[in-house]
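> This is the structure I have questions about; it appears just below.
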Amino acid sequence: MYDYVIKNGKIIDGTGNPWFKANIGVIDGKIAGISKLTIVGAERSINAEGLIVAPGFIDSHTHSDSTVLTNPRCENHVRQGVTTNVSGMCGTGDYKVEEFRNMAQKKGIAINMAHMVGMNKIRELMYGGRDRTRWRVIKSTESEVEELKKMVSQAMEEGAFGISSSMWNMYSEDILELCDVAVSYGGCFDLHSRGNDGQTLIEGLKEGLLIAEKTGIPLNYSHLYARHPANWGKTVEMIRMIAESRKKGLEVTCDVYPTLLCMPSNPIALFECQGGTMSGRIHSYPMPDKTFEQMMNDMKDNETYEELKKDLDKCYEKEAMLIHEKREKLPFVAASAMPDVRNLRTQYVVAHSKSHPEFNGKYINDIAVAMGIEDPLDALRKIILDDEGTTIGNTGAFREEDLIAALKASFTSIGSDSSVLDAPPPPERLGSWRSYGSFSIVLDRYVRQLGILSWEEAIRKMTSLVANRIGLRDRGVLREGNWADIVVFDPKSIKNNATWETPTRYPDGIPYVLVNGQMVIDEGEHTGALPGKVLRRPM
Ligand SMILES: [Zn+2]
Numbered sequence: 010m011y012d013y014v015i016k017n018g019k020i021i022d023g024t025g026n027p028w029f030k031a032n033i034g035v036i037d038g039k040i041a042g043i044s045k046l047t048i049v050g051a052e053r054s055i056n057a058e059g060l061i062v063a064p065g066f067i068d069s070h071t072h073s074d075s076t077v078l079t080n081p082r083c084e085n086h087v088r089q090g091v092t093t094n095v096s097g098m099c100g101t102g103d104y105k106v107e108e109f110r111n112m113a114q115k116k117g118i119a120i121n122m123a124h125m126v127g128m129n130k131i132r133e134l135m136y137g138g139r140d141r142t143r144w145r146v147i148k149s150t151e152s153e154v155e156e157l158k159k160m161v162s163q164a165m166e167e168g169a170f171g172i173s174s175s176m177w178n179m180y181s182e183d184i185l186e187l188c189d190v191a192v193s194y195g196g197c198f199d200l201h202s203r204g205n206d207g208q209t210l211i212e213g214l215k216e217g218l219l220i221a222e223k224t225g226i227p228l229n230y231s232h233l234y235a236r237h238p239a240n241w242g243k244t245v246e247m248i249r250m251i252a253e254s255r256k257k258g259l260e261v262t263c264d265v266y267p268t269l270l271c272m273p274s275n276p277i278a279l280f281e282c283q284g285g286t287m288s289g290r291i292h293s294y295p296m297p298d299k300t301f302e303q304m305m306n307d308m309k310d311n312e313t314y315e316e317l318k319k320d321l322d323k324c325y326e327k328e329a330m331l332i333h334e335k336r337e338k339l340p341f342v343a344a345s346a347m348p349d350v351r352n353l354r355t356q357y358v359v360a361h362s363k364s365h366p367e368f369n370g371k372y373i374n375d376i377a378v379a380m381g382i383e384d385p386l387d388a389l390r391k392i393i394l395d396d397e398g399t400t401i402g403n404t405g406a407f408r409e410e411d412l413i414a415a416l417k418a419s420f421t422s423i424g425s426d427s428s429v430l431d432a433p434p435p436p437e438r439l440g441s442w443r444s445y446g447s448f449s450i451v452l453d454r455y456v457r458q459l460g461i462l463s464w465e466e467a468i469r470k471m472t473s474l475v476a477n478r479i480g481l482r483d484r485g486v487l488r489e490g491n492w493a494d495i496v497v498f499d500p501k502s503i504k505n506n507a508t509w510e511t512p513t514r515y516p517d518g519i520p521y522v523l524v525n526g527q528m529v530i531d532e533g534e535h536t537g538a539l540p541g542k543v544l545r546r547p548m
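Structure below.
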C-alpha cells in the first residue's frame, strides 16, 4: 500500500532532462515507484494532470540555522516548494551540528537542513564575542588555528557538509588551513567574496579560485551579482573566469538570488546611526529607543536633521577608515578586494517611493541631480518626508542584464540568502522579497513570462545542481529509492507575489509539497507536519 500516489503529472526529474508523463508512488518517506502504468493501492491519490511534479527545491544558500528552531513550520520557504535548506552560510554556521540536530529533531522542523560550519562563527566563539573580529582583520596565532581546526573537524564528524566564510576579516592563510581540514572529510567550501559589495569583485573571485586551486576543495561562490553601477556588467567576466577554471579542472559553482536589490531597509534608519556602520544601522531598524513618530519628527525639524546628518557623516568617515585599514592589512590578492569607500555616502537606492515612483530603483546621487538638490542626503530626506516615512530603500542595486547572465550560466544554483520564518515580520520591520520569492520569481518571471530558462533548467538549478555540489546523493532527483521530497505546481498559474510593495506575500500555484514523504503543503495550505531532518553528509 502506497502512502501517496501522484498521478498524471509532467515529471521534471531534476537532472535537466525533458519532462515525461508518469505516476509516482511514495511509501515510508521514499519514492517507491515511478511508472507510466497506473500505480494502484494508495492511501491517497493526487491528480496532477496539467501540473509539474519536481524534486523539492534545495535552497542553495540560507541562514535558517538561526531561525528554524523558533520558526519550525518554515512557511515562507516551504510554500515556495523548498524542502531543504543549505544553512550556516556566509561564515555564520555553528560547529556543534549534533547539538543543533538534537534540538531540531526534538522540536520538529518542516524542512531539511544541510548545515555548513562557518569560519567567522567559530572565530567569534574562540574569541568569546563579536567585537574583536568583526571589523578587524586579525591573523590567528598558530594555537588559535589549531583550535579552529578542531572545531571544523568536530563539525565535519557530526555531519556538516562543508565550511562557509564571509572572508571579511580573515587572512587567506587561515582560510587555507581550515579548507584543508574540510576537504579531508570530503566537504565543500562556500565563499562570500570580499569584493562582493565593492568595486573589486574580480579580485575577490580570483582569491576564491586561488584557494580552490591550492586546497583542491570544491568552491561555491556566493551571490554572483554585480552591485553598484561601477560593477554593472562584470558578471559576464566572472562567469567566464569560473567557466575557464572549470575547464582547468577546478570544481567551482556559484549561487545567485534572483532579486535586483539586497535587504530592504527604511532609509529613516540611516539617519539614526548612533555611531554604527551603514549595514549595522539599517539592520537595527526599528530603533529600540525611538518610536517611528520621534524619528519622523527628527527628520522634519531642520536643526535636529542637520545634527543627524553630521553624525551620519562621522559614521561614514569611520566606516571608510575601517575599510581602509582592512585593505592595508589584507594579504594575498584580497588586499584590493574591499569596497571602494569614496562613494559610500551616495550608495543608497530608493527601492520604492509612493510619492516619487519615478525614482524607484535609482541611486540618491542621481536623484539629487534630477531634483536639483545639492546634497544627496537632502534629496533622500525630501523623499522620506513626502512619503511620510514609508519609503523602502536599499544599500545597492543590481542590473537585470547581470542577473539574467548569472541565471543562464550552467553552474549557478538558486540561493535565497534568507532564513525560514513562520509568519511575516511586522510591517515596520520590513520583510525581504528574497525570503518569500526567490524560487517563485525564477519560475514566474524568468521561466513562464520571459522564457530565459526552460522549466527543466530552472528546476535543475534548484535541485540536483545543489545536491551534487554538497554531496547529497539521495535527494534533488526524482528517482526510485530517493527521499520523497516533492513539489507539485501549476506551470500556467505559478505566481510570485513578493514584490517591492508586498515583499512578504506567499506565491500562488504551488498546491502540494511533500517532505520526506509527508504532506506539508496540501492544496496550498500548511498541514502543520514537521517531517524535516538535519541531514548528515554522506561518508
Ligand atoms: Zn548569506
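Residue 60 in our numbering sits at position 51 of the sequence shown; the count goes up by one each step and never skips.
Using N, Cα and C, we set each Cβ at its ideal position, and we do this for glycine too.
Please list, in chain order, all residues with a C-beta atom less than 5 Å from at least one heavy atom of ligand 1.
Residues flagged by the Cβ proximity filter: M98, C99 and D426.
> With a floor of 4 residues, list each alpha helix (DSSP H) that falls wholly inside the region 371-433, ordered by position along the chain.
Qualifying alpha helix (DSSP H) stretches, in chain order: 373-380, 385-395 and 409-417.
> Please report the straight-line C-alpha distance between A343 and I147, rounded to a whole angstrom.
Taking the sequence shown and counting its residues from 1, one reaches residue 343 at position 334. Taking the sequence shown and counting its residues from 1, one reaches residue 147 at position 138. Because A343 sits at a pLDDT of 37, beneath the cut-off of 50, its placement in the model cannot be relied upon, and the following sentence gives the value as read from the coordinates. For A343 and I147, the distance between alpha carbons rounds to 14 Å.
> Since I believe F29 is in contact with V496 (beta carbons under 8 Å), could you give me their beta-carbon distance rounded to a whole number of angstroms?
Counting from 1 along the sequence shown, the entry for residue 496 is found at position 487. Counting from 1 along the sequence shown, the entry for residue 29 is found at position 20. With a Cβ gap of about 17 Å, V496 and F29 do not count as contacting.
> Can you tell me the Cα-Cα spacing of N129 and D483, whole angstroms?
Taking the first residue of the sequence shown as 1, we reach residue 129 at position 120. Taking the first residue of the sequence shown as 1, we reach residue 483 at position 474. In a straight line, the C-alpha of N129 is about 30 Å away from that of D483.
> Report the residue ranges of all alpha helix (DSSP H) runs contained in full by the region 35-118; include only those spanning at least 4 residues, in chain order.
Whole alpha helix (DSSP H) segments, 4+ residues: 84-87 and 106-116.
> Taking the C-alpha atoms as reference points, what is the distance between N80 and D384?
Looking up residue 80 in the sequence shown gives position 71. Looking up residue 384 in the sequence shown gives position 375. N80 and D384: Cα-Cα distance of roughly 43 Å.
> Would you mind listing the beta strand (DSSP E) stretches within the region 190-247 that are 3+ residues and don't spill past its ends, in chain order?
The qualifying runs are 197-200 and 228-230.
> Can you give me the start and stop residues for the beta strand (DSSP E) that Y11 sits inside?
Within the sequence shown, the letter at position 2 stands for residue 11. Start and end: Y11 to I20.
> Count the other CB atoms within 10 Å of the CB of N306; is the residue buried (16 or more) or exposed (fewer)?
Here residue 306 refers to the residue found at position 297 when the sequence shown is read from its first residue. By the 10 Å Cβ count, N306 comes out exposed.
> Give the straight-line distance between the Cα atoms of R408 and I461, rounded to the nearest whole angstrom.
Within the sequence shown, residue 408 is the residue found at index 399, counting from 1. Within the sequence shown, residue 461 is the residue found at index 452, counting from 1. Cα to Cα, R408 sits roughly 15 Å from I461.
> Which two residues bound the contiguous alpha helix (DSSP H) that contains D307?
Walking along the sequence shown from the start, residue 307 turns up at place 298. Residues F301 to K309.
> When DSSP labels each residue in this structure, what does D499 get in the three-state scheme?
Looking up residue 499 in the sequence shown gives position 490. Note: D499 maps to coil in three-state DSSP.
> Figure out for me which residue from S152, D68 and P512 has the closest Cα to the Cα of R132.
Residue mapping note: residue 132 aligns to position 123 of the sequence shown, counting from 1. Closest by alpha carbon: S152.
> Helix, strand or coil for K256, going by three-state DSSP, please let me know.
As a working note, residue 256 is residue 247 in the sequence shown. K256 falls in the helix class under three-state DSSP.
> V35 and D12 - do their beta-carbons sit closer together than 7 Å?
Counting from 1 along the sequence shown, the entry for residue 12 is found at position 3. Counting from 1 along the sequence shown, the entry for residue 35 is found at position 26. Their beta carbons are under 7 Å apart, which means D12 touches V35 by this criterion.
> Name the DSSP bridge partner or partners of D264?
Residue 264 sits at position 255 when you count from the first residue of the sequence shown. DSSP lists S422 as partners of D264.
> Would you mind listing the alpha helix (DSSP H) stretches within the region 456-524 that are 4+ residues and don't spill past its ends, in chain order?
With a minimum length of 4 residues, the continuous alpha helix (DSSP H) runs that stay inside the region 456-524 are 464-471 and 473-479.
> Out of curiosity, what's the CA-to-CA distance linking I479 and F170?
As a working mapping, residue 479 is identified with position 470 in the sequence shown. As a working mapping, residue 170 is identified with position 161 in the sequence shown. Their backbone Cα atoms lie some 6 Å apart in a straight line.
> Starting from S173 and walking both ways along the beta strand (DSSP E), at which residues does that stretch end?
Locating residue 173 in the sequence shown gives position 164, where the first residue counts as 1. Its beta strand (DSSP E) spans residues G171 to S174.
> Pick from F448, L389, S428 and A467: whose alpha carbon is nearest that of T24?
Within the sequence shown, numbered from 1, the residue matching residue 24 stands at position 15. Checked all of F448, L389, S428 and A467; the closest Cα to T24 is A467.
> Roughly how many whole angstroms lie between the Cα atoms of D425 and S54?
As a working mapping, residue 425 is identified with position 416 in the sequence shown. As a working mapping, residue 54 is identified with position 45 in the sequence shown. Here the sequence assigns Ser to residue 425, which means Asp is not the residue at that position. The alpha-carbon atoms of S425 and S54 are separated by roughly 32 Å.
> Classify P435 as buried or exposed, calling it buried when 16 or more other Cβ atoms lie within 10 Å of its own Cβ.
Start at 1 with the first residue of the sequence shown, and residue 435 comes out as number 426. Exposed.
> Check whether the region 469-476 touches the region 159-173, counting contact only when three or more Cβ pairs, one atom from each stretch, lie closer than 8 Å.
No, they do not touch.
> According to DSSP, simplified to helix, strand and coil, what is E316?
Working through the sequence shown from its first residue, we reach residue 316 at position 307. E316 falls in the helix class under three-state DSSP.
> Starting from A164, trace the alpha helix (DSSP H) both ways and give me its first and last residue.
Working through the sequence shown from its first residue, we reach residue 164 at position 155. It spans E151 to E166 - the alpha helix (DSSP H) in which A164 sits, taken as one unbroken run.
> DSSP state of A346, grouped into three classes?
Position 337 of the sequence shown, counted from the start, is the residue given in the question as residue 346. Legend: pLDDT at A346 = 37, less than 50; position of this residue unreliable, value from coordinates given subsequently. A346 falls in the coil class under three-state DSSP.
> Between T300, S193, T150 and G195, which lies nearest to Y180 when the distance is taken from Cα to Cα?
Here the question's residue 180 lines up with position 171 in the sequence shown. Checked all of T300, S193, T150 and G195; the closest Cα to Y180 is T150.
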